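Under my numbering, residues 173 to 470 are what the sequence shown spells out, in order.
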Amino acid sequence: MDQLSFERIAFNYRLSPDNLRRHPKFTEVRNRMVEGILAVYAGDHLTNRLLLEQGRHMSFLTVLCLHAAQDPNTPSTWLTLGKLQREITEHGFASRNRVEAQVSALKKYGLLAQQPQAADRRIRLLQPTAKMLARDASVVRLQLAALAELEGDPSAFNSVLSPDFHRAIRRASVERLQDIDMLMHSHSKLSAFFDHDCGYLILLILLSNAAKNGGMRANTCFQRLATQTGVSRTHVRRLLEAVRDKGLLSFSGRGGHDIQLTPAMWDVADQWFAEELAMVELIAGEARAERAGGKIAA
Numbered sequence: 173m174d175q176l177s178f179e180r181i182a183f184n185y186r187l188s189p190d191n192l193r194r195h196p197k198f199t200e201v202r203n204r205m206v207e208g209i210l211a212v213y214a215g216d217h218l219t220n221r222l223l224l225e226q227g228r229h230m231s232f233l234t235v236l237c238l239h240a241a242q243d244p245n246t247p248s249t250w251l252t253l254g255k256l257q258r259e260i261t262e263h264g265f266a267s268r269n270r271v272e273a274q275v276s277a278l279k280k281y282g283l284l285a286q287q288p289q290a291a292d293r294r295i296r297l298l299q300p301t302a303k304m305l306a307r308d309a310s311v312v313r314l315q316l317a318a319l320a321e322l323e324g325d326p327s328a329f330n331s332v333l334s335p336d337f338h339r340a341i342r343r344a345s346v347e348r349l350q351d352i353d354m355l356m357h358s359h360s361k362l363s364a365f366f367d368h369d370c371g372y373l374i375l376l377i378l379l380s381n382a383a384k385n386g387g388m389r390a391n392t393c394f395q396r397l398a399t400q401t402g403v404s405r406t407h408v409r410r411l412l413e414a415v416r417d418k419g420l421l422s423f424s425g426r427g428g429h430d431i432q433l434t435p436a437m438w439d440v441a442d443q444w445f446a447e448e449l450a451m452v453e454l455i456a457g458e459a460r461a462e463r464a465g466g467k468i469a470a
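Have a look at this one:
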């Protein structure tokens with residue numbers, strides 16, 4: 173997919189991302205959400221490497237969405253490896269071989285199980301484990317809590333605590349998977365963070381550190397970031413060199429000391445968070461409409 177600037181992408185949001193950014197509490201809410209997501213990811217290097225890269229992240233979401241959308245009476249909806257491979261390759265998120273490798277890794281490390289279908293035990297269905305569902309629910313909960321603060325109506329989002337509503341959100345997300353992927357692609361200046369293993373985690377660490385140091389100084393280096401995220405120092409260096417070349421940060425010395433974020437970094441990061449929240453609100457609204465018996469918008 174071609175890289176698009178976020179000015180050229182337009183979704184039918186119910187909330188304006190620009191209005192979210194202008195909210196007087198946006199910075200405070202953004203910082204709280206960043207810290208919350210970092211807490212979810214903290215210390216779990218292996219799982220982060222399995223999930224925190226755009227293709228693998230979209231595959232992870234596809235598993236959750238197809239699982240939530242299954243109908244026991246409709247075999248075409250059953251989450252088999254073959255169905256998952258078809259859906260992911262048709263969307264262009266990953267190749268069939270890459271999907272199979274990720275499924276194998278997710279099973280090995282307790283995020284995904286495989287079990288016989290009740291009516292036909294020859295058919296093996298993929299099943300997200302409690303660990304996988306809890307990780308996703310934790311992030312969704314943080315996103316909806318942020319929306320509640322920015323919208324001023326916490327009661328509208330409290331049902332995220334319900335497993336049924338979490339499932340409804342992921343069921344509604346089936347029709348939005350391509351939009352979510354396009355949204356990530358549209359933020360081309362952040363592409364290095366999305367496209368590299370644990371890149372999104374590195375982005376969150378940089379934003380968190382800088383927010384605590386006046387907004388610009390990240391107070392870290394290549395080696396420290398490598399240790400925090402479980403990737404190599406070379407991996408971090410190459411990622412941050414790509415980000416530097418886009419004008420989002422600077423650093424000095426061979427070890428990448430004195431990493432400084434630029435105003436452009438905060439601008440593109442804030443645009444990303446605002447659009448991400450607007451997308452989450454759109455999907456949550458569609459999930460509520462489905463639960464109330466309404467029709468989910470296409």
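Quick reminder that beta carbons are idealized off the backbone N, C-alpha and C, glycines included. Since the model is a prediction, treat every value here as computed from it, not as a measurement.
Presumed contact (8 Å Cβ cut-off) between residue i and residue j, rounded CB distance
i      : j      : result
Ala382 : Met205 : Actually they do not touch by this definition, with Cβ atoms about 15 Å apart.
Leu298 : Gln286 : 6 Å
Gln432 : Ala390 : 7 Å
Glu462 : Ala344 : 6 Å
Leu238 : Leu251 : 5 Å
Pro300 : Leu284 : 6 Å
Glu447 : Leu355 : 6 Å
Leu373 : Thr406 : Their Cβ separation, rounded to whole angstroms, is 17 Å, which puts Leu373 and Thr406 out of contact at 8 Å.
Gln443 : Pro189 : 7 Å
Ala450 : Leu187 : 5 Å
Opening and closing residue of the beta strand (DSSP E) in which residue i lies
i      : result
Pro300 : Arg296 to Pro300
Phe423 : Leu421 to Ser424
Ala291 : Careful: Ala291 lies outside any beta strand (DSSP E) and carries neither H nor E.
Assigned exposure category for residue i - 16 Cβ within 10 Å defines buried
i      : result
Glu458 : buried
Gly465 : exposed
Asn220 : buried
Gly425 : exposed
Lys384 : exposed
Ser246 : The question names Ser, but residue 246 is Thr in the sequence shown. Answer is exposed; the Cβ neighbour count stays below 16.
Asp353 : buried
Gly371 : buried
Ser276 : exposed
Asp369 : buried
Thr249 : exposed
Lys361 : buried
Ala266 : buried
Ala302 : exposed
Glu262 : exposed
Thr392 : buried
Asp308 : buried
Arg293 : exposed
Ser334 : exposed
Glu259 : buried
Arg409 : buried
Leu218 : exposed
Reference residue i; option with closest CA among the options
i      : options                           : result
Leu397 : Asp353, Gln226, Val271 and Leu378 : Leu378
Leu210 : Leu187, Val311 and Phe232         : Val311
Gly428 : Leu411, Met437, Pro435 and Ala436 : Leu411
Arg193 : Gln257, Leu322, His359 and Lys255 : Leu322
Phe445 : Thr252, Arg258 and Asn203         : Asn203
Leu314 : Lys197, Val212, Thr199 and Phe198 : Val212
Gly387 : Phe183, Leu224, Leu373 and Glu200 : Glu200
Gly264 : Lys279, His357, Thr434 and Gly282 : His357
Glu347 : Ala240, Gly227, Glu225 and Gln226 : Ala240
His229 : Leu278, Asn184 and Leu253         : Leu278
Arg270 : Leu222, Leu316 and Arg339         : Leu222
Pro435 : Gly419, Val415, Ala450 and Glu448 : Gly419
Ile148 : Ser188, Gly208, Ile455 and Ala214 : Residue 148 falls outside the range modelled here, since the chain spans only 173 to 470, and no answer is possible.
His338 : Leu236, Glu272 and Ser188         : Leu236
Leu253 : Ile295, Asp351, Thr406 and Val408 : Ile295
Terminal residues of the alpha helix (DSSP H) in which residue i lies
i      : result
Ala414 : Arg405 to Asp417
Met354 : Leu349 to Ser358
Arg396 : Phe394 to Thr401
Tyr372 : Gly371 to Ala383
Ser345 : Pro335 to Ser345
Ala364 : Ser363 to Asp367
Proximity test, Cβ basis, 8 Å: residue i and chain C
i      : result
Ala344 : Protein chain content of the structure displayed is limited to a single chain, and chain C is not contained in it.
- Taking only runs of the alpha helix (DSSP H) that begin and end inside the stretch 180-268, which ones reach a length of at least 4 residues, in chain order? 189-194, 198-213, 217-223, 226-240 and 253-263
- Message: Extract the residue ranges of the beta strand (DSSP E) inside the stretch 422-447, only unbroken runs of 3 or more that lie entirely within it.
- Response: 429-433
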